[in-house]
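Under the numbering used here, the sequence shown is numbered contiguously, ending at residue 291.
Where is the CB? At the ideal position from N, CA and C, for every residue including glycine.
Shown next, in C-alpha cells, is the structure this report addresses.
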Amino acid sequence: MATGVSRGVTSVTGPVSVTGPVSVTGLTRRFGDRAVLDGLDLDIPPGQFVALLGTSGCGKSTLLRILADLDRDIAGTVRVARRRAISFQSPRLMPWKRVWRNVALGLPGRPDRQRAVAALDEVGLAHRTDVWPKTLSGGEAQRASLARALVREPDLLLLDEPFSALDALTRLTAQALVAELWQRHGCAVLLVTHDVSEALTLADRVLVMSSGRIDYDVSVTLDRPRDPGSREFVALRTDLLARLGVR
Ligand SMILES: Nc1ncnc2c1ncn2[C@@H]1O[C@H](COP(=O)(O)OP(=O)(O)OP(=O)(O)O)[C@@H](O)[C@H]1O
Ligand SMILES: [Mg+2]
Numbered sequence: 045m046a047t048g049v050s051r052g053v054t055s056v057t058g059p060v061s062v063t064g065p066v067s068v069t070g071l072t073r074r075f076g077d078r079a080v081l082d083g084l085d086l087d088i089p090p091g092q093f094v095a096l097l098g099t100s101g102c103g104k105s106t107l108l109r110i111l112a113d114l115d116r117d118i119a120g121t122v123r124v125a126r127r128r129a130i131s132f133q134s135p136r137l138m139p140w141k142r143v144w145r146n147v148a149l150g151l152p153g154r155p156d157r158q159r160a161v162a163a164l165d166e167v168g169l170a171h172r173t174d175v176w177p178k179t180l181s182g183g184e185a186q187r188a189s190l191a192r193a194l195v196r197e198p199d200l201l202l203l204d205e206p207f208s209a210l211d212a213l214t215r216l217t218a219q220a221l222v223a224e225l226w227q228r229h230g231c232a233v234l235l236v237t238h239d240v241s242e243a244l245t246l247a248d249r250v251l252v253m254s255s256g257r258i259d260y261d262v263s264v265t266l267d268r269p270r271d272p273g274s275r276e277f278v279a280l281r282t283d284l285l286a287r288l289g290v291r
C-alpha cells in the first residue's frame, strides 16, 4: 500500500503494484513567494540506491521531508511506500531513553526490545543496547539512528546527509555499513549528500537538483566495489562536479 498525498491531502490509494516506492509528479513547495520545489518529477523503482546532489539551499531536505510525510503543505502528487524511514544528519536520539528504546521508536505499538536489539546487532551496536545516548560516540549514535530507521524493514530508506558530521575514517565505515545493509534488505534508498565520490561509490543512480527540479539524472553502471581511480569513475565525478558548478 502507498500513501498518496495530493494537494496537501493524504489518502490511502491502494496497492503499489505498478509504481515503485517513490512516484512524484509536479511537486511544488512554496515558502512565501519562492517555489523551492517547482514541478518536480521523480520515480524510484524498488531496491534502487539513488544519491541526490545539489547546491546548498536547493531543496534536497525539503524533498526528503515531504517524502517522509513530515510536510504536507504541497501541490502535486506524491506516492510513497507506506513503509519508509528517515535518518537525518544528526542522530536525533532522545537523551532520556536508553539506546534500545530509541531504536524501538522506529516501530509502531509497544516497544519491542527483541527487534530493537536485532537491529542494533545489524549495525554492530548490540553491546550498547542498554546505555544512554550521551555515552555513544558520534559514529555510534549515527549507527543507532540507522538501526531505528531499519528496524521496521522499510521499503524506502531516506538518508539526509547521514555521514556529514563524521570524521573521515568513521565515515568510510558508515558508508560501507549502509552499502551492506542496502544489499541485505533490498530496500530503495534516497541518499542526500554533498560528496560526489560518496554518491558514485554507493549509488545506482545519481540525481542533481536545481531550480526546484531534478535537473540531471545519470545511471551508475560501474562494477562494485567501485574503484575511485578508474577512468569511468573520474569522468563521472568530473561531469557531476561541473554540473554543481565546481571546475
Ligand atoms: N520552514 C521553512 N520556512 C521557510 N523557508 C524554508 C523552510 N524550510 C526550508 N526553507 C528554505 O528552502 C530552501 C531549501 O531548503 P533545504 O533545507 O531543502 O535545502 P537543502 O538543499 O537541503 O540545503 P543543504 O544542502 O544546505 O542542506 C532554503 O532556502 C531554505 O531557507
Ligand atoms: Mg539539507
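Between residue i and ligand 1, is there a pair consisting of the residue's CB and a ligand heavy atom that are separated by less than 6 Å?
{"i": "Thr179", "result": "no"}
{"i": "Phe75", "result": "yes"}
{"i": "Val250", "result": "no"}
{"i": "Ser208", "result": "no"}
{"i": "Ala131", "result": "Inspection of the sequence shows that residue 131 is occupied by Ser rather than by Ala. No, the beta carbon of Ser131 sits no closer than 6 Å to any heavy atom of ligand 1."}
{"i": "Gly230", "result": "no"}
{"i": "Val80", "result": "yes"}
{"i": "Ser100", "result": "yes"}
Near residue i, what residues of its chain come up, given a Cβ to Cβ distance below 8 Å and the 5 sequence neighbours on each side ignored?
{"i": "Gly91", "result": "Gly230, Cys231 and Ala232"}
{"i": "Arg301", "result": "Beyond the ends of the chain as shown, which are 45 and 291, falls residue 301; an answer cannot be given."}
{"i": "Gly273", "result": "none"}
{"i": "Leu221", "result": "Val167, Gly168, Arg187 and Leu190"}
{"i": "Asp174", "result": "Arg142, Val143 and Trp144"}
With respect to the beta strand (DSSP E) encompassing residue i, which residues constitute its N-terminal and C-terminal limits?
{"i": "Gly83", "result": "Arg78 to Ile88"}
{"i": "Val250", "result": "Arg249 to Ser254"}
{"i": "Val94", "result": "Phe93 to Leu97"}
{"i": "Arg257", "result": "Arg257 to Ser263"}
{"i": "Gly153", "result": "No beta strand (DSSP E) holds Gly153; DSSP gives it neither H nor E."}
{"i": "Ile130", "result": "Arg128 to Ser131"}
{"i": "Ala112", "result": "Unbroken run through Ala112: none, as it is neither H nor E."}
{"i": "Leu235", "result": "Ala232 to Val236"}
If I measure Cβ to Cβ from residue i and keep anything under 6 Å in the same chain, skipping five residues before and after, which residues do I get?
{"i": "Ala79", "result": "Thr72 and Gly256"}
{"i": "Ser61", "result": "Here the model assigns Ser61 a pLDDT of 41, short of 50, so the residue's position is not dependable, and the following value carries that caveat. Counting only Cβ-Cβ distances below 6 Å, and skipping sequence neighbours, we find nothing."}
For the alpha helix (DSSP H) that contains residue i, what are its first and last residues?
{"i": "Phe75", "result": "Where Phe75 is concerned, there is no enclosing alpha helix (DSSP H), although the beta strand (DSSP E) it sits in stretches over Val66 to Phe75."}
{"i": "Asp204", "result": "Per DSSP, Asp204 belongs to no alpha helix (DSSP H); it is in the beta strand (DSSP E), Leu200 to Asp204."}
{"i": "Asp283", "result": "Arg275 to Arg287"}
{"i": "Val167", "result": "No alpha helix (DSSP H) holds Val167; DSSP gives it neither H nor E."}
Does the beta-carbon of residue i have 16 or more other beta-carbons within 10 angstroms, so that it is buried, or is it exposed?
{"i": "Gly58", "result": "In this predicted model, Gly58 has a pLDDT of only 35, less than 50, meaning its place in the structure is not dependable enough to derive any value."}
{"i": "Val66", "result": "buried"}
{"i": "Arg123", "result": "buried"}
{"i": "Glu224", "result": "exposed"}
{"i": "Gln186", "result": "buried"}
{"i": "Asp199", "result": "buried"}
{"i": "Trp226", "result": "buried"}
{"i": "Leu213", "result": "exposed"}
{"i": "Ala286", "result": "exposed"}
{"i": "Phe132", "result": "buried"}
{"i": "Ala279", "result": "exposed"}
{"i": "Gly120", "result": "buried"}
Give a yes or no on whether the minimum CB-CB distance between residue i and chain D is below 7 Å.
{"i": "His171", "result": "Going by chain labels, chain D is absent from the structure shown, which holds only one protein chain."}
Among the residues of its own chain, which have a CB less than 7 Å from the CB of residue i, if the five just before and after it don't count?
{"i": "Gly98", "result": "Lys104, Val252, Met253 and Ser254"}
{"i": "Pro135", "result": "Ala185, Gln186, Ala188 and Ser189"}
{"i": "Phe277", "result": "Leu244, Leu266, Arg270 and Asp271"}
Query raised in the report: Near ligand 2, which residues have their beta-carbon closer than 7 Å to a heavy atom?
Result: Lys104, Ser105, Asp204, Glu205 and Val236
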